[in-house]
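Those letters in the sequence shown? Residues 27 to 318, by this note's numbering. Ideal Cβ placement from N, Cα and C applies to all residues, glycine included. On a predicted model such as this, the values are computed, not experimentally measured, just so you know. A short worksheet on the structure shown next.
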Amino acid sequence: MFEQLGLIGCGLMGSSFALALKRAGLVKRVVGYSKSPSTTERARQMGVIDVEAPSALLAVSGADIVLLAIPVSATEATFKAIRHLVGPDTLVMDVGSTKRDVVDAACRVLRDHMGSFVPCHPITGKEVSGVEHADVDLYAGKQVILTPIERTFTVQLQKATDVWTAMGCHVVKMSPQAHDAAYAAVSHLPHLIAFAMINGIKSQTHGKDYMALAGPGFRDFTRIAASDPQMWRDILLANREELLAQSKIFQQSLQSLEQLISGGNGDALESQIRQASETRANWRVSSHKAHK
Numbered sequence: 027m028f029e030q031l032g033l034i035g036c037g038l039m040g041s042s043f044a045l046a047l048k049r050a051g052l053v054k055r056v057v058g059y060s061k062s063p064s065t066t067e068r069a070r071q072m073g074v075i076d077v078e079a080p081s082a083l084l085a086v087s088g089a090d091i092v093l094l095a096i097p098v099s100a101t102e103a104t105f106k107a108i109r110h111l112v113g114p115d116t117l118v119m120d121v122g123s124t125k126r127d128v129v130d131a132a133c134r135v136l137r138d139h140m141g142s143f144v145p146c147h148p149i150t151g152k153e154v155s156g157v158e159h160a161d162v163d164l165y166a167g168k169q170v171i172l173t174p175i176e177r178t179f180t181v182q183l184q185k186a187t188d189v190w191t192a193m194g195c196h197v198v199k200m201s202p203q204a205h206d207a208a209y210a211a212v213s214h215l216p217h218l219i220a221f222a223m224i225n226g227i228k229s230q231t232h233g234k235d236y237m238a239l240a241g242p243g244f245r246d247f248t249r250i251a252a253s254d255p256q257m258w259r260d261i262l263l264a265n266r267e268e269l270l271a272q273s274k275i276f277q278q279s280l281q282s283l284e285q286l287i288s289g290g291n292g293d294a295l296e297s298q299i300r301q302a303s304e305t306r307a308n309w310r311v312s313s314h315k316a317h318k
């Protein structure tokens, strides 16, 4: 059991983590900080945190486990704010959707204490954000990617694995580079496409009328377009190289289908659709093993 969780970022992800950690009996006290004092106050009122901290540094003071649940663009500044209180026995984790940029920021700032940091990416979330949407079951049964580097302390990596496992998560370990390449394909690109599709329809004269006629297929396909703008701006920019590479592959695949449609090649078009249909039908969430 941990004595104190220092929670930096009392939004959906951070607050849900605190609630789950409490329910699992893994922490005695939670001290929280958010950029907005009203958010921190609301988190205390909801029982997410026990004490409000006026700064990130004071949230970390006395903590033996720290979670950064903040936009990835704020990672380096946050590490600078707390680095003086990060010791070799402190377990520090994040929940960012990109990992190379986060690891690079940690290396620049934490230096000798880099071993205490275990980068994490829980594969979960909602289209809504904010502490009011905190969900104690948000992480239950979900996959969590840990991306340690050579300097990561073995004992802290094991602690992180144990924490997420105790919360009911399936833990997978891979390199930051492999993580960013994979999630550019299966998360960041789908969001980019959803944003572009909605904007493309909206830009048309009769776009609103078209959307009024849409059904469940459109709803399911575009669900992620309702995601938090600031968070996804940061993610897309942070992983731009891998994302743009995946975008090129997608455009080539789309153009291939367009050429078959343009040429009236029904047999080849059906074959391509069947290939996609069978691949999707045989896919299950977390059914594959990530490459280490």
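Kindly list the residues whose CB is nearer than 8 Å to the CB of residue i, restricted to its own chain and excluding five residues on each side of it in sequence; keep chain order.
i: residue 83; result: 107, 108, 110, 111
i: residue 298; result: 282, 283, 286
i: residue 159; result: 38, 152
If we call anything under 8 Å between Cβ atoms a contact, is residue i one with residue j?
i: residue 95; j: residue 34; result: yes
i: residue 169; j: residue 205; result: no
i: residue 128; j: residue 150; result: no
i: residue 178; j: residue 202; result: no
i: residue 219; j: residue 98; result: no
i: residue 182; j: residue 141; result: yes
i: residue 18; j: residue 46; result: The structure shown does not extend to residue 18, since the chain spans only 27 to 318, so no value can be given for it.
i: residue 167; j: residue 93; result: no
i: residue 214; j: residue 265; result: yes
Bridge partners of residue i, per DSSP?
i: residue 209; result: Beta-bridge pairing links residue 209 to no other residue.
i: residue 199; result: 172
i: residue 30; result: 55
i: residue 148; result: 170
i: residue 179; result: DSSP, once it has assigned bridges, lists no residue as partnering residue 179.
i: residue 143; result: 118
Can you list, in chain order, the residues of its chain whose CB lies under 7 Å from that of residue i, leaving out five sequence neighbours each side?
i: residue 188; result: none
i: residue 36; result: 58, 60, 65, 66, 69, 74, 75, 157
i: residue 85; result: 32, 33, 34, 57, 58, 59, 79
i: residue 237; result: 227
Would you say residue i lies against chain C (beta-carbon separation less than 8 Å)?
i: residue 171; result: The structure shown contains no chain C; it holds only a single protein chain.
Within a Cβ cutoff of 6 Å, which residues of the same chain sit near residue i, ignoring the five residues on either side of it in sequence?
i: residue 29; result: 54, 90
Completely contained alpha helix (DSSP H) runs for the segment 257 to 312, where each covers 4 or more residues: Within the segment 257 to 312, the complete alpha helix (DSSP H) runs of at least 4 residues are 266 to 288, 292 to 307.
Count Cβ pairs between the segment 266 to 277 and the segment 133 to 140 that sit closer than 8 Å; are there 3 or more? no
Given 8 Å as the limit, is there contact between the segment 36 to 50 and the segment 184 to 197, that is, 3 or more CB pairs closer than that? A contact exists between the segment 36 to 50 and the segment 184 to 197.
List, from N- to C-terminal side, the beta strand (DSSP E) runs of 3 residues or more that fit wholly inside the segment 89 to 141. 91 to 94, 117 to 120
Counting beta carbon pairs with one atom in the segment 205 to 217 and one in the segment 259 to 274, are three or more of them shorter than 8 Å? Yes: the two stretches touch, three or more of their Cβ pairs being nearer than 8 Å.
Any chance the segment 246 to 254 sits against the segment 218 to 226, with 3 or more Cβ pairs inside 8 Å? yes
Contact between the segment 112 to 119 and the segment 142 to 157 (3+ Cβ pairs under 8 Å): Using a Cβ-Cβ distance cut-off of 8 Å, the segment 112 to 119 and the segment 142 to 157 are in contact, since at least three pairs of beta carbons, one from each stretch, lie closer than that value.
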